[in-house]
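Structure first, commentary second.
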Amino acid sequence: MGLGGGIGLILNRNPVRSALCLILNFFSIAGLYLTLQAEFLAAIQILVYAGAIMVLFLFVIMLLNLSKEPKRKPLDPSRILAFGLGIAFAVEMVIIFNVALAGQDPGFVTAEFDYNSVESIGEIMMTKYIFPFEMISVVLISALVGAIVVAKKFNYENKN
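So for the sequence shown, the working numbering puts the first residue at 2; every next one is plus one.
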């Protein structure tokens with residue numbers, strides 16, 4: 002289900018349908034959290050991401066009033082760059098999975114952490130990660146303000 006939502010997200014031309022596929026993907030991630038017996042993270046995944054963040058995304062999509070994109074040339078430089086970045090990302094993922102499957106320590110997990118209890122998540126969020134936690138809210142608000150500024154069309158010539 003998650004793979005289908007991800008493929009639908011990438012292949013849909015309609016941004017609203019892509020956002021709905023992303024909601025499907027968020028629900029499948031919550032299901033994965035449930036299989037890992039992390040009920041709190043599954044509930045937060047649904048409430049925060051599938052609820053609040055997707056409402057924000059849909060609000061911005063509706064605010065921008067996107068129309069159809071003009072047809073691009075097949076060898077557009079941005080497409081070539083995107084293809085190259087996609088290949089680099091795929092190679093990086095293969096390397097990471099090979100290291101993980103070989104039983105080596107990938108190096109990014111530094112300590113044991115109990116993701117299942119609300120107390121341990123709250124303690125680490127409000128002590129070690131308080132600055133990144135607060136910066137996420139600043140980034141989301143600035144993205145919303147930026148989307149509103151881009152969507153709002155000012156007519157400076159006729160404004161006297």
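Even for Gly, the Cβ is constructed at its ideal location relative to N, Cα and C.
Residue state for residue 50 is assigned as helix, using DSSP reduced to three classes. For residue 26, the enclosing alpha helix (DSSP H) starts and ends at 16-36. Residue 52 and residue 26 do not touch by the CB rule: their CB atoms are close to 14 Å apart, not below 8 Å. Here the alpha carbon of residue 74 sits roughly 27 Å from the alpha carbon of residue 92. In the structure shown, residue 138 falls within a helical segment according to DSSP collapsed to helix, strand and coil. Distance from residue 29 to residue 3 at the Cβ level is roughly 3 Å; contact confirmed, criterion being Cβ atoms closer than 8 Å. Sorting 131, 118, 147 by C-alpha distance to the C-alpha of residue 38 places 118 at the top. Comparing alpha-carbon positions, the option among 54, 34, 44 lying closest to residue 21 turns out to be 54.
In this chain, the alpha helix (DSSP H) harbouring residue 43 covers 40-45.
A buried status is given to residue 24, since no fewer than 16 other beta-carbon atoms sit within 10 Å of its beta-carbon. Boundaries of the alpha helix (DSSP H) harbouring residue 121: 119-127, taken from the DSSP string.
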